[in-house]
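First residue of the sequence shown? That's 1 in UniProt numbering, and the numbers climb one at a time after it.
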Amino acid sequence: MAQRKLLAYHDRSDGGLLVTLAEMAFTGHCGVEADIAALGDDHLAALFNEELGAVIQVRAADREAVEAILAVNGWRTACITSVKRLRAIASC
């Protein structure tokens with residue numbers, strides 16, 4: 001936070017990943033395209049799982065720095081990019 005690299009943060013504890021992405025899309029006035037292939041065979045369970053996790057938004061220019069910070073601290077990440085819509089990919 002001190003480096004001001006996070007633009008948005010949303011935990012997935014209330015409704016899971018699908019609800020988190022939908023709420024972020026509503027707020028950002030955009031659509032969502034999500035590649036859920038890496039989430040396993042039970043896509044519904046993966047999308048609605050309310051286990052510990054979050055979705056963050058960062059500037060494209062800060063993406064590599066943020067991913068490096070998360071990796072150093074042992075956080076598993078997925079790629080998220082934005083071009084007038086939120087596009088989520090389950091693995092990088």
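Even for Gly, the Cβ is constructed at its ideal location relative to N, Cα and C.
| Check | Outcome |
| --- | --- |
| Determine which residues share a DSSP beta bridge with Asp11 and list them. | Ala54 |
| Measuring alpha carbon to alpha carbon, tell me which of Ala54, Gly40, Arg4 ends up nearest Trp75. | Ala54 |
| Can you give me the C-alpha to C-alpha distance between Phe26 and Val19, rounded to a whole angstrom? | 10 Å |
| May I ask you to report which of helix, strand or coil DSSP gives Cys92? | Interpretation of Cys92 is limited by its pLDDT of 42, a score under 50 that renders its predicted location unreliable; no figure is taken from the coordinates. |
| Taking 7 Å as the cut-off, decide whether the C-beta atoms of Leu6 and Ile56 are in contact. | yes |
| Compute the Euclidean distance between the alpha carbons of residue 98 and Ile36, then round it to the nearest angstrom. | Residue 98 is absent from the model: the chain starts at 1 and stops at 92. |
| Let me know the secondary structure DSSP gives Asp62 once reduced to three states. | helix |
| Going along the chain, which residues of its own chain have a beta-carbon closer than 8 Å to the beta-carbon of Ala68, five neighbours each way excluded? | none |
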